[in-house]
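*Asks:* To start, I am sharing the structure in question, which I have written as structure tokens.
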């Protein structure tokens, strides 16, 4: 459609729906409607970017790079802390806008997500100031490791936790001295626009952060194939990652890919079953739209009956509805296409012989009933493919070896959760699981200094702490001969 973009107004909060390029608002001739999953309200008409806007954003990032790269660590850190201050100042606005845009719980945005957004900037600002590698000697020669800014970075982010996942990338990229072109998901673009405003108000120079909106490949291909882009970080689906990888290959642009998951949650008979059930029900968080979710419940056969009874009791008490209601536990799914996808997985599984212990059907609007399916085959679609909705499967095992085999028997390897009361078993099993992150008797505990990423088709590379700087920088080793000597070592 063709329509001049205007500011969307969400519960009194104005959000500019144009791109942010080179420190200015830029409109496209085409727009797309941003629709709230809560009630189908059109939140605004968003500028629909093309290769032209992509080129302009990369050019702005390239022009701004030399000055930002030359900016001292202390000054970069100061600006990142100022951005964090701005996030905290506008926390309520950000929470309201994001809930309207992607349907996640308002209470979670207020208490956890948006404070974490501010923390992302503070953490990487502080990590930058502490970043160093102890010099070491080689036959009297001194080796000094440094992290040089790489250049313009393209960051492509998903819709399930838009601002938090964007700032997991934006914060370290900026801290490293790079400039950024951020492409948020078209189903949840609004808080990225607010971030641009906050960054500008914090004193981030024009062109250092650029935000472009648009539908997937319409703008994405132009960004990921651009020869002036030095890093690409993407969170999303495996098929899109393959397309990005092919696009980046011509320029050998380094990639960091955090992709899908089909993570197991292993419950052993020696586990605290109340805790295990709490962990299992927690997998419905964000309407199941969490890449790390342990959607495959693997329960030791001797306790499965009790586990299932407790699970049904707790899951049935969850309240599903408007995410702006303080008492709501599960909100809507993001988009009609995603709802169709979720229901397709479930209906095909039921047709193949699966049994729904709870759920298994749509509800009114964009809501899908929390679902637990059993009698599922290990090689079935519902066990092997990521649903990305409030759908879990339940399987049993009789031995530790069988549990590990089932857990590892997918093409993914993003995360795993283990519930056990035996510390030796926890260590033994976690050592055998194929996963970027393993949680023992807990879930979704992530320290930004720890490495994060997936194995197999769940991703390429690791980010977090020094791993982020290793990716977003050109790591250099400078070797200096002893004073008075010049030789070849």
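Numbering (my numbering), first residue to last: 5 to 493. Ideal Cβ placement from N, Cα and C applies to all residues, glycine included. What you are looking at is a predicted structure, and each value in this text was computed from that prediction instead of being measured.
(1) Among 22, 441, 282, 56, which has the Cα closest to the Cα of residue 196?
(2) Specify, as a first and last residue, the run of the beta strand (DSSP E) that residue 481 falls within.
(3) Starting from residue 360, follow its DSSP beta bridges and name the residues at the other end.
(4) May I have the straight-line CA-CA distance separating residue 141 from residue 24, to the nearest angstrom?
(5) Whose CA, out of 34, 152, 379, 28, lies closest to the CA of residue 77?
(6) Pairs of beta-carbons, one from the stretch 174–191 and one from the stretch 462–476, closer than 8 Å: are there three or more?
(7) Note down, in chain order, each residue of its chain lying with its Cβ closer than 7 Å to the Cβ of residue 281, except the 5 sequence neighbours on either side.
(8) How long is the line joining the alpha carbons of residue 376 and residue 397, rounded to whole angstroms?
(9) Mapping the DSSP letters down to three states, classify residue 219 as helix, strand or coil.
(10) Locate the alpha helix (DSSP H) running through residue 1, then write down its first and last residues.
(11) Inspect the CB distances between the stretch 219–232 and the stretch 59–75 and report whether three or more fall short of 8 Å.
(12) Taking buried to mean at least 16 other C-beta atoms within 10 Å of its own C-beta, is residue 336 buried or exposed?
(13) Please classify residue 427: is it buried, with 16 or more other beta-carbons within 10 angstroms of its beta-carbon, or exposed?
(14) Apart from the five residues on each side of it in sequence, which residues of its chain come closer than 7 Å, Cβ to Cβ, to residue 205?
(15) For residue 322 and residue 155, what's the separation of their Cα atoms in angstroms?
(16) Can you tell me which of 210, 163, 298 puts its alpha carbon nearest to the alpha carbon of residue 399?
(17) Figure out for me which residue from 203, 462, 436, 286 has the closest Cα to the Cα of residue 390.
(18) I need the DSSP call for residue 346, collapsed to helix, strand or coil.
(19) Indicate whether residue 338 and residue 293 have their beta-carbon atoms separated by less than 8 Å.
(20) Compute the distance between the beta-carbons of residue 162 and residue 239, then report whether it is under 8 Å.
*Replies:* Based on what the coordinates show:
(1) When only C-alpha atoms are compared, the closest one is 22.
(2) For residue 481, the enclosing beta strand (DSSP E) begins and ends at 477–484.
(3) BP columns for residue 360 point to 377.
(4) Each residue's Cα considered, the two are about 47 Å apart.
(5) If we check each option's Cα against that of residue 77, 152 comes out closest.
(6) By the Cβ rule, the stretch 174–191 counts as touching the stretch 462–476, because three or more pairs are nearer than 8 Å.
(7) Within the same chain, Cβ atoms closer than 7 Å to the Cβ of residue 281 are found at 311, 314, 315, 318, the five residues on either side in sequence being excluded.
(8) Their Cα atoms are separated by approximately 6 Å.
(9) Looking at residue 219 - three-state DSSP - the assignment turns out to be coil, as it is neither helix nor strand.
(10) No answer is possible for residue 1: it lies beyond the span of the chain, which begins at 5 and ends at 493.
(11) In short, these stretches touch, since the Cβ pair count reaches three.
(12) That one is buried.
(13) Residue 427 should be labelled exposed.
(14) Contacts found: 90.
(15) Answer to the nearest angstrom: the Cα atoms are 47 Å apart.
(16) The shortest C-alpha separation from residue 399 is found at 298.
(17) Closest in alpha carbon position to residue 390, among 203, 462, 436, 286, is 462.
(18) Annotated three-state conformation of residue 346 is helix, per DSSP.
(19) Yes, they are a contact pair.
(20) The answer is yes: Cβ separation under 8 Å.
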